[in-house]
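Q:
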Amino acid sequence: KLGVTCHFVVQAFDGLIPALKAKRFDVIISGMSITADRKKEINFSVGYAELANMFVAAKGSDLAAITDVDTLLKSLDGKKVGVQAGTTHAHFLEKRAPNADLKTYDTLDQMQIDLASGRIDTAFADQSALQDFLDKPDGKNFQLIGVEIKSTFDPTLGEGIGVGIAQDNTELKAKIDKALCELIADGSVGKASQKWFKTDISRPCK
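Counting from 1 along the sequence shown, just add 656 to a position and that's the residue number in the working numbering.
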């Protein structure tokens with residue numbers, strides 16, 4: 657839609673916004689939630705996806721049978737909980753589970769390694785990322801626990817997923833917004849999410 661060539665730059669999640677502001681790249685497309693704090697530093701496209709957030713833990717653990725969100729959050733007291741650094745997941749748990757022992761990671765792969773080895777009790781992330789772990793051999797003895805936690809549960813989790821854009825790059829924002837709205841309207845975003853995440857995570861263009 658944009659008629660441009662993409663060049664991918666590897667960057668730790670908690671360094672994405674500083675790197676964008678330093679003009680190391682033009683946009684952030686990394687499942688970043690739109691939040692009030694982030695909008696103070698960068699601009700965002702229209703939201704194009706709404707991700708469900710969940711916990712994962714070993715089958716048969718004391719957390720595995722909990723289905724209520726509030727009970728689950730209280731049960732995290734003293735537990736080692738893995739989250740990716742700089743994410744809404746980390747901010748959410750700092751607020752909602754202050755007595756949990758949070759372990760932060762630069763990448764989801766690092767978090768999954770510690771989860772599989774038993775160095776953490778549970779992890780909190782996008783359901784799609786956790787499902788990817790469960791589908792691997794290392795995840796065979798683990799399961800999703802609780803229920804889906806969406807941004808409607810707590811504004812800390814953001815206003816959906818958007819493309820991060822520098823505040824002074826209004827022309828690029830307008831082009832990306834137009835392209836995203838067209839791709840959402842014609843079903844392309846929904847089809848892509850069904851292919852890669854096995855569910856439609858697209859949201860109406862607003």
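Virtual Cβ for every residue (Gly too), placed ideally from N, Cα, C.
Model, not experiment: these values are computed from the prediction.
1) What does a CB cutoff of less than 7 angstroms around Leu749 pick up in its chain, not counting 5 residues either side in sequence?
2) Taking Ile805 as the reference, which of Arg752, Arg775 and Leu839 has the closest Cα?
3) Are the stretch 695-711 and the stretch 814-822 touching by the rule of at least three beta carbon pairs closer than 8 angstroms?
4) Taking Cβ to Cβ, would you say Tyr761 is nearer than 9 angstroms to Ser858?
5) Any chance you could list the beta strand (DSSP E) runs of at least 3 consecutive residues sitting entirely within the stretch 722-781, in chain order?
6) Out of Gln783, Leu790, Ser784 and Leu813, point me to the one whose CA is closest to Ala772's CA.
7) So, for Glu684: in the same chain, excluding its five sequence neighbours on each side, which residues have a beta-carbon less than 6 angstroms away from its beta-carbon?
8) Using 8 angstroms as the cut-off, can you tell me whether the stretch 714-723 makes contact with the stretch 823-841, which would need three or more C-beta pairs spanning the two stretches below that distance?
9) Just to confirm, are Ala741 and Asp670 a CB contact at a threshold of 9 angstroms?
10) Would you mind giving the Cβ-Cβ distance between Gly687 and Asp765, rounded to the nearest angstrom? I have them listed as a contact below 8 angstroms.
11) Among Pro811, Thr763, Asp794 and Asp788, which has the Cα closest to the Cα of Asp774?
12) From Lys834, Asp682 and Gln667, pick the residue whose C-alpha is nearest to that of Thr661; which is it?
13) When DSSP builds the beta bridges, which residues end up paired with Ser858?
14) Ile801 and Leu719 - do their beta-carbons sit closer together than 9 angstroms?
15) Taking just the CA atoms, how far does His747 sit from Thr727?
16) Identify the continuous beta strand (DSSP E) that holds Val803 and give its terminal residues.
A: Quick look at the numbers:
1) Val737, Val739, Ala756, Leu758 and Phe780
2) Arg752
3) yes
4) no
5) 736-740 and 757-761
6) Leu790
7) It should be noted that the sequence gives Ile, not Glu, for residue 684. So the qualifying residues of the chain are Leu672, Leu676 and Gly820.
8) no
9) yes
10) Contact flag wrong, Cβ pair sits at about 14 angstroms.
11) It is worth fixing the name first, because residue 774 is Gly in this sequence and not Asp. Cα-wise, what sits closest to Gly774 is Asp794.
12) Asp682
13) Ala705
14) yes
15) 19 angstroms
16) Phe798 to Ile805
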